[in-house]
Each structure stands twice: as C-alpha cells, then as structure tokens.
Amino acid sequence: MHNPLHIIILAAGAGTRMKSRLPKVLHTVGGRAMIIHVIETALQLHPAVIHVVHNPHAPEIKSVCSAFDVNWVPQEEQLGTGHAVMQAMPGIPADAHVLVLYGDIPLLDAVVLGSLVNAQIGGISVLTMAVPDPTGYGRVLTDREGNVRRIVEERDASPEQRAIKVVNSGIIMAGQKELWACLENLSNENSQNEYYLTDIFSNANEAGIRTRAVMAPDARDLEGANDRVQLAALERRHNMKMATKLMEAGVQLADPARIDVRGRVETGEDVYLDVNVVLEGEISLGDGVQIGPGCVLKDCQLAAGTRVHAYSVLEGMCSLGACDIGPFARVRPGTRLLAGSKVGNFVEVKNTTLGKNSKASHLSYLGDSSIGDRVNIGAGTITCNYDGREKHHTTIEDDVFIGSDTQLVAPVVVGEGADIGAGTTVTRDVPAGQLTISRVKQRTIPGWKRPKKGKG
Ligand code: UD1
Ligand code: MG
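Residues 73 to 528, numbered by the working numbering, are exactly what the sequence shown covers, in order.
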C-alpha cells in the first residue's frame, strides 16, 4: 500500500457497564491494560501515525501509555463512536487509509487486521464476525454481493434484525475521503442519542460509496469487554492462548486451563508447570525447570534444572544454576541463588546471594546478605538487617555453619569456616574457623513450684 496508514484507537468511553472508577480501556487482560494490547497490535502494522481518542478528564490513560509514541486526540464529551472518530479526522491527510480500532478489543490479532488492510481497495470495509450470541453487538445487514447495507445497533434493532448473528466487530477500514464524506452528516437520532460510527454504512450507500464486509476467521479474538463478565471471559481466552504457546514451545502443563500468564515468558525445553501457577512480568525458565502447584513468579530468571516447590512466591530474583526453592518460600527482589543452593519452607530471602550448595532449609529471614558456598543456615536464623532507620549488610563467608535460632545483628561478617552455636545473638564480627556462642548457660532451679491458677 502506498498511501499512509493512519490508525485511530477509540478509548474515550466511560465504560459505564464496568461500574468502575477506572476508565474501561485501563482494565487489564493478561496483566496489561486493554489499550496497551491494542496499541501493540496496531504497531505491528507499521502505521504512519496512531491516534488515540481519549477523555481529557481521565488523564490516567496517558501515563499508562507513556511508553508509546501516539497522537493524543481529546474528545471532550463522549457523544458516540462516530463523534470520537470525527475528532481525529483533522489530523489525517487526504491520501491516507484509516483503520479504526476500539480500545476495548484487546485480543485482536495483527494477522487478521492485516487481511482487512490489504483488502482495502477504496470505499469502506468492516470486519464482521459470526457469533452464537449476538447480544450487545451491532447487527450487520448485507446484500447478496456482500455489500454492507446498514449496521443496526441492538437497541435500535427490530426483532428480526436482532436474530442476525453476523455482527460488527467495531473494526473499520476506509479511505480518508470516503470516511469524511460519510461522517459529516451523522445524526444522533437513535435510542442513545449518540453519533454512531456504524451509521457511516447507510450514508455510504446513499452517496454511492462502496462498502464491504470482511468476515473474521475466529470471532473469539474480536470480542469486546464492556462489562466484567466479558472481561473475565477475555482473560480466560488470553490464558488459553498463552498456555497453547507455552506447550508449543516445549512446556508441559499439568492443566492448560489452570495457568495464568500476565506478562512475557521465555522457556527452554522440558519445563514443567503444575496447576495454578501465575507468571507475571518478564519470566525466563531454563531447560527442565519445574514449578510446583500454586506458585506465583514475577520478573524471575530461573536457570536450567531449578525446582520451585508448591506455594512459593518469587519476585525479582534469579537462580544461576539448578537449585531448590520451597515449598512455601518467599524470595524477594535482588536475590541470586547459585547452583545447588536451597531455600526451604518458610524461608524469606531478600537482596541476598546464596552461594553454591548453601542451604537455608527452614524458617529463616535472610536480608541484605552475601552468603558464600557450602554454608548451612540453621532453622530460625534471622539477619537483623534493619536498625529502625537504615538497612545493614551481613556477610557470611564460605563453609560457615550457623546453628538454629541465631540472630545476626548487621552490619556483621562471619569469617570462613566459623561455627556459630544454636541460639547465639551475633553482634560483632565472628572470627574464621572457630566456634562462637553467646548462649546463656543452662541452669535448673531446684524445688521450683509452678504457680497455681486462681491463687494470687
Ligand atoms: C460498538 C459498536 C457495535 C459493535 C461493538 C463491538 C457503535 C455505535 N457500536 O458497540 O456495533 O458491535 O462496538 O465491540 O459503534 N468510545 C469513545 N467515545 C465515545 C464512545 C465510545 O472513544 O464517545 C470508545 C470506547 O472507549 C470503546 C469504543 O469506542 O473503546 C466502543 O464503544 P462502546 O461503548 O464499547 O461500544 P459498544 O456498545 O461495544
Ligand atoms: Mg464495546
């Protein structure tokens, strides 16, 4: 196509049916605002300009989309989809082809759009779809040649028209001149007193402009989200698509219906994901990684062979070799786990490096620390990293053995090969290769009588 492609994304609607303070297009599918999905799909068509029609009184949308270079077109009052498109028209040159997308159709596919764009031969085309339940959609009335006579909104349709199951996806492609001509005399004499974009088809027929319906191969990708029921259905569909992609890439899923992907996932071969795993942000899983049931991972990189056991929550961390995490572990940002290391049950780790073959198997808090190789962290060990004002660092060198229930009051260094006796409170640096213990000596008080209840 030699004419420039201009894409208009309609995103100004209030979304009354969502019953939400958030503008509709900022509701998320797969962890990202619907409008972001639409902009990213639009970009794949390499348009000259993307115009986003928005409500200037709902400024959140601009900050959510700040990473994208788009032309913001304000629509002061939401007077309908036709009125919204009109606001963008002054910024579109006469030789342009115009593609109109809706901000509440997040799963649409650039391949399907490409077929509409490439079929553009003047006139006005609409992407239509056949749905089992057309409730809420505009019904498309075509003639025998496939020309669109009219699109009738549900509220304005007769019972016979309502029975039509070929509906308007909302996606329209037109030459700038033809679109302008058909927009100019839109009226708002309908049940909602709105300027409907869909009325351009009857106008086009009156003006002798060619109209065409292009049927989309799979209606499910063109469904819009007007309310929360539809939004949840899109979320499920999105997750099924993500599950299929993962399986195609060599991931075994215990149940493709029970996985949630809210971001981008890169995977090696033979990765196994058990049920109810949630993947958020940027995730990378090396060959043979296994994730147990109920785990939540956000922005994590796991090296080949890493095993995450049931109900662990991991964020902003990486493993650099095969290691074991969980069950019931919480691994927080800035954590690096080296090969053979273990973060066991009820262990919280933050901003810490755990060296090769080092183990914290039970009930610990390790924060702001550097832990060497072959270190054993006994159950109940706590790095006391916060003095109420500042965070301090703990260094534990190679081959240290820390007995259970030890508190390490940072800043502190535990020298190589040191042993720390159970129940020690470490307040000063610990010398290498020796046993350090701060435990109070055990004593027994003879003749002790436990006070009896209710007797003073
Ligand atoms: C619209 C279509 C309907 C189609 C359906 C597909 C019209 C009149 N109806 O109905 O034929 O089957 O989409 O999903 O076009 N918007 C604005 N400004 C406005 C009004 C809306 O920017 O003044 C935006 C909304 O934010 C939304 C999009 O336009 O992204 C569509 O509006 P919506 O109210 O969802 O229309 P539907 O009732 O779904
Ligand atoms: Mg809609």
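All residues carry an ideal CB built from backbone N, CA and C; glycine is no exception.
Remember, it's a predicted structure, so these values are computed and weren't measured experimentally.
Annotation: the continuous alpha helix (DSSP H) that includes Ser-187 extends over 182 to 190. Shortest Cα-Cα distance from Ala-490 to any of Leu-199, Ile-509 and Gly-460 involves Ile-509.
Closest option to Ala-202, judged by alpha-carbon separation, among Val-238, Arg-216 and Asn-219: Val-238. Checking the DSSP bridge columns, you'll see Asp-271 has no partner listed. In this chain, the beta strand (DSSP E) harbouring Thr-455 covers 454 to 456.
If you compare the alpha carbons of Lys-428, Gly-406 and Val-502 with that of Glu-420, the shortest gap goes to Gly-406.
The beta carbon of Arg-292 sits closer than 8 angstroms to the beta carbons of Leu-179 and Arg-309 from its chain, once the five residues preceding and following it are set aside; these are given in chain order. By the neighbour-count criterion, in which a residue is buried when 16 or more other Cβ atoms sit within 10 angstroms of its Cβ, Glu-341 is exposed. Across the set Ala-160, Ser-138, Val-136 and Gly-154, the C-alpha of Ala-160 shows the shortest separation from the C-alpha of Pro-146. Three or more Cβ pairs drawn from the stretch 427 to 434 and the stretch 446 to 459 lie within less than 8 angstroms of each other, which places the two stretches in contact. One thing to note: Val-157 has its Cβ no nearer than 7 angstroms to the Cβ of Ile-81. Under the three-pair Cβ rule at 8 angstroms, the stretch 400 to 417 counts as touching the stretch 377 to 387. The beta carbon of His-464 sits closer than 6 angstroms to those of Asn-457, Ala-482 and Pro-483, all from its chain and outside the five residues before and after it, given in chain order. Distances from the CA of Gly-393 to each of Tyr-344, Ser-413, Val-385 and Glu-387 were compared; the closest alpha carbon is that of Ser-413. Note on geometry: alpha-carbon atoms of Gly-163 and Ala-304 lie some 35 angstroms from one another. With a minimum length of 4 residues, the unbroken runs of alpha helix (DSSP H) contained wholly in the stretch 277 to 321 fall at 300 to 320. In this structure, the CA atom of Lys-422 is about 14 angstroms from the CA atom of Leu-410. Sorting Gly-194, Asp-477 and Gly-377 by C-alpha distance to the C-alpha of His-74 places Gly-194 at the top.
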